[in-house]
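Here the protein sequences come in this chain order: A and B.
Just so you know, the first sequence maps onto residues 1 to 340 in our numbering.
Just so you know, the second sequence maps onto residues 1001 to 1340 in our numbering.
The structure appears right after this line, and notes come after that.
There are 2 protein chains.
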Amino acid sequence: MCDAEPLVAHRAVAGDRLARAARHRKAPSYLAPDLQPSDTYVVVIWNEQIIDILTGFDRTLAEIARRALPGAEHMPRLRRFRSSVRGMDSRTTVERAQRLQQLHAEFKPLVLPTVWDVWSARTAAGAGFPALTIGSHPLADSRGADDHEGQTFEEVLAAVRAIIAAVDVPVSVDLEAGYGQEPTDLIAGLTEAGGVGLNLEDTVHSDGGRVRSTQEHARYIAGLRAAADDAGIPVWVNGRTDVFLHAEDASGVLDEAIERLRAMEQAGADSLYPVRIQDDDDLLAAVIDAVSIPVNSTAHPVKHDLERFRRLGVGRITYGPLLQLAMTDAMKDMLRPWTP
Amino acid sequence: MCDAEPLVAHRAVAGDRLARAARHRKAPSYLAPDLQPSDTYVVVIWNEQIIDILTGFDRTLAEIARRALPGAEHMPRLRRFRSSVRGMDSRTTVERAQRLQQLHAEFKPLVLPTVWDVWSARTAAGAGFPALTIGSHPLADSRGADDHEGQTFEEVLAAVRAIIAAVDVPVSVDLEAGYGQEPTDLIAGLTEAGGVGLNLEDTVHSDGGRVRSTQEHARYIAGLRAAADDAGIPVWVNGRTDVFLHAEDASGVLDEAIERLRAMEQAGADSLYPVRIQDDDDLLAAVIDAVSIPVNSTAHPVKHDLERFRRLGVGRITYGPLLQLAMTDAMKDMLRPWTP
């Protein structure tokens, strides 16, 4: 019944990345701490974890598999090591989380480009941004999935793990309404994938699009805070409310929005994200005035202006789906002269 | 030892796409030919194939699994249906392959934007292009893998399957040097994933970067042609040579290039792709003059000009990594005003 191949191995020249990973103990240290870029190596992976990195030329794959994992020689076959070193040890994750905290203090606002794959992440990091966000909407569009919890938590984690592993900067992940997970499991999954920040919204798409009550959402945020504390990782929690998004008249729900934002602040959120008021100076100012932690605004990279957000006191800027959307426009412009 | 979960199920509102797939029998017809967009459905997938789509509200997942697959109730768990309908039936693939043939006759040159994920594919198809190519280099960059056969054939197929399923136009896939597969297996994997065209190059990166001899490469192309014929699918074979790429002086290897291109034409290639001469009018013209099937040129979507290629008689244009590269530049420009 089972033809899965969880055992993965690859033998090739190590290259800088793997050697660096080994030196920085992103891979278990007993495996090959002295791996050099010029070495030939074999990486053995079991259940998405590196369980062995072997150097040397004199072993057959069968011997390697046997040494790495009792019984492994019975696995259907060995596959080549997929792409990058998977998983980071907890020390690296703590350091990245601390760095993300520092950056929020250092930059006002802190701009965190919202990316969706390894290419867009490397482009943004390469452009000089000290941290990134991954958006659920552009991630889903890149993978052909539906937004609004159309992917499972496991699928999201598998996708973001590869992105996070490809850059050296802290990455925060939009986790929608939590994919039906308990806060402890959400934090465990996120941090195991190397993520050190998250968005958490109050629209539960997987449950008919119902909106959590102020207290229910605040309790979830408090659960995340406690889980992160227990894990010893200062995960940056960006508490999001969609109350403006669902309202016909945004101004009419300002009081409710402020109540929700204050409840999240009280519950231990690090920043607050009232979606859809990025074009309304008065609402942005009112919200910023009502809380004492950074307020996140969505921005369009072409249509909006950083100075305006700074003047209004916005603490943090992400692009949501708008960077990908602006890139869609750019691609269309680029392709126009070639269209049949 | 085995904790894989090949059984996947999801229960939700069907939506247009799944209903359309059921009506067009992209899913086996016994499963739910009358599925409506408003229906609640369960899709059961085994080994990446839809094996059942069940409607109705009165079944537990265990019952569904039992009905769908004897023994399935013993699987570790059911996962939600991932994204889009997987796999296309062979009729659809044949139709797409025929369409790709027609397009090569209809457009001179035929421009096939080179995409790397569902988002870029939908953007290019939405811009009006009647067919697409997937490039190994941009695909690898999007996924954080290495180009030059740094992904396994299975990984490439999994990635391109989702892209192909997300668009309604024929898609050709860059299959590098064939990932060490026999021609029959390469054609079977490609067409099972819905691909109806392929690039095949003579640099074997998985084998130390050696270059196949003219005859060896032509034999592989002939094998692809025979395998496609046997499968009854007119897969478009774009035979590539890297002889100009590896030469210090491109003009100095013109004779060898022509020999290789003619051997591929003789072996049944549908078009020919001499890489790296896109800026050299004389070499392009010489190559085009020497063969009787369309010659493919790489183009940069911003720096090159369609009319020039048309004037030179180029039959087919792809972007290789250059569309993604141009998009990298566009993203950097877009992000510049936001850089700290």
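For every residue, glycine included, the Cβ atom is placed at its ideal position computed from N, Cα and C.
Beta-carbon gap between residue i and residue j smaller than 8 Å
i: T191(A); j: A222(A); result: no
i: V1291(B); j: R1262(B); result: yes
i: V1237(B); j: L1200(B); result: yes
i: P1343(B); j: G320(A); result: The structure shown does not extend to residue 1343(B), since chain B spans only 1001 to 1340, so no value can be given for it.
i: T1348(B); j: V1196(B); result: Within the shown structure, residues of chain B are numbered from 1001 to 1340, placing residue 1348(B) beyond reach of any answer.
i: A1227(B); j: T1184(B); result: yes
i: Q1324(B); j: D1141(B); result: yes
i: F1309(B); j: P1109(B); result: yes
i: R1316(B); j: H1137(B); result: no
i: M331(A); j: M1327(B); result: yes
i: A1165(B); j: G189(A); result: no
i: H205(A); j: E176(A); result: yes
i: Y1273(B); j: G1313(B); result: no
i: A286(A); j: L254(A); result: yes
i: A158(A); j: L139(A); result: no
i: V1111(B); j: I1163(B); result: no
i: G1268(B); j: R1219(B); result: no
i: L1322(B); j: T1298(B); result: yes
Exposure label - residue i; buried when at least 16 CB within 10 Å
i: E1154(B); result: exposed
i: I1050(B); result: At I1050(B) the pLDDT is 48, less than 50, meaning the model places this residue with poor confidence; the figure from the coordinates comes in the next sentence. By the neighbour-count rule (16 or more Cβ atoms within 10 Å), I1050(B) is buried.
i: E1106(B); result: exposed
i: Q278(A); result: buried
i: A97(A); result: buried
i: T60(A); result: Since pLDDT at T60(A) reaches only 39, below the 50 mark, its modelled position is unreliable, and the value read off the structure follows with that caveat. The residue is exposed, with fewer than 16 neighbouring Cβ atoms inside 10 Å.
i: D289(A); result: exposed
i: P1301(B); result: buried
i: E1182(B); result: exposed
i: D270(A); result: buried
i: R969(B); result: This structure does not reach residue 969(B), given that chain B is present from 1001 up to 1340, and the question cannot be answered.
i: Q215(A); result: exposed
i: Q102(A); result: exposed
i: S120(A); result: buried
i: Q266(A); result: exposed
i: G1194(B); result: buried
i: E248(A); result: exposed
i: P170(A); result: buried
i: D242(A); result: buried
i: S213(A); result: exposed
i: G1071(B); result: Because G1071(B) sits at a pLDDT of 38, beneath the cut-off of 50, its placement in the model cannot be relied upon, and the following sentence gives the value as read from the coordinates. Answer is exposed; the Cβ neighbour count stays below 16.
i: S1038(B); result: Here S1038(B) scores only 45 on pLDDT, less than 50, and its place in the model should not be relied on; the value that follows carries that caveat. Exposed, since its Cβ has fewer than 16 Cβ neighbours within 10 Å.
Extent of the continuous alpha helix (DSSP H) to which residue i belongs
i: S1142(B); result: S1136 to R1143
i: E182(A); result: Looking at the DSSP string, E182(A) is not in any alpha helix (DSSP H), and its letter there is neither H nor E.
i: W119(A); result: V118 to G126
i: F1107(B); result: That residue, F1107(B), is in no alpha helix (DSSP H); it is neither H nor E in DSSP.
i: V1156(B); result: F1153 to A1165
i: L288(A); result: Sequence check: residue 288(A) is Ile here, not Leu. Per DSSP, I288(A) belongs to the alpha helix (DSSP H) from D281 to A290.
Beta strand (DSSP E) segment containing residue i, residue limits
i: Y1319(B); result: That residue, Y1319(B), is in no beta strand (DSSP E); it is neither H nor E in DSSP.
i: V1314(B); result: Looking at the DSSP string, V1314(B) is not in any beta strand (DSSP E), and its letter there is neither H nor E.
i: V111(A); result: L110 to L112
Bridge partners - residue i, DSSP secondary structure assignment
i: D1174(B); result: N1199(B)
i: G239(A); result: L200(A) and L272(A)
i: V1302(B); result: The partner list for V1302(B) (beta bridge, DSSP) is empty, contrary to what the question assumes.
i: R1210(B); result: V1204(B)
i: S251(A); result: Beta-bridge pairing links S251(A) to no other residue.
i: T133(A); result: T114(A) and S172(A)
i: S297(A); result: I317(A)
Proximity test, residue i beta-carbon vs the ligand COA heavy atom, cut-off 7 Å
i: R1276(B); result: Questions concerning the ligand COA fall outside what the structure shown contains, since it holds no ligand whatsoever.
Using a Cβ cut-off of 9 Å, which residues of the stretch 120-143 of chain A contact any Cβ in chain B, in chain order? Going along the stretch 120-143 of chain A in chain order, one finds S120, A121, R122, T123, A124, G126, A127, G128, F129, P130, P138, A140, D141, S142 and R143 with a Cβ nearer than 9 Å to chain B.
Listed from N- to C-terminal order along the chain, which residues in the stretch 1326-1339 of chain B have their beta-carbon within a distance smaller than 7 Å of any beta-carbon of chain A? Going along the stretch 1326-1339 of chain B in chain order, one finds A1326, M1327, T1328, A1330, M1331, K1332, M1334, L1335, P1337, W1338 and T1339 with a Cβ nearer than 7 Å to chain A.
Members of the stretch 275-294 of chain A near chain B, C-beta cut-off 8 Å: Flagged: no residues at all.
Name, going along the chain, the residues of the stretch 1230-1252 of chain B whose beta-carbon falls closer than 8 Å to a beta-carbon of chain A. Answer set for the stretch 1230-1252 of chain B: empty.
Within 9 Å of chain B by C-beta, residues of the stretch 154-165 of chain A in sequence order: Under the 9 Å Cβ criterion, the stretch 154-165 of chain A contributes E154, E155, A162, I163 and A165.
Which residues, in chain order, does the stretch 1177-1199 of chain B contribute to contact with chain A at a C-beta distance below 8 Å? Flagged: no residues at all.
The stretch 310-325 of chain A: positions lying closer than 8 Å to chain B by Cβ: For the stretch 310-325 of chain A, which is checked against every Cβ of chain B, the residues closer than 8 Å are I317, L323 and Q324.
Mind listing which residues of the stretch 101-119 of chain A have their C-beta closer than 7 Å to chain B's C-betas, in chain order? Those residues of the stretch 101-119 of chain A that come within reach of chain B (Cβ to Cβ, closer than 7 Å) are F107, V111, P113, D117, V118 and W119.
If you measure beta-carbon to beta-carbon, which residues of the stretch 1298-1309 of chain B are closer than 7 Å to chain A? Cβ contacts with chain A: P1301, V1302 and L1306.
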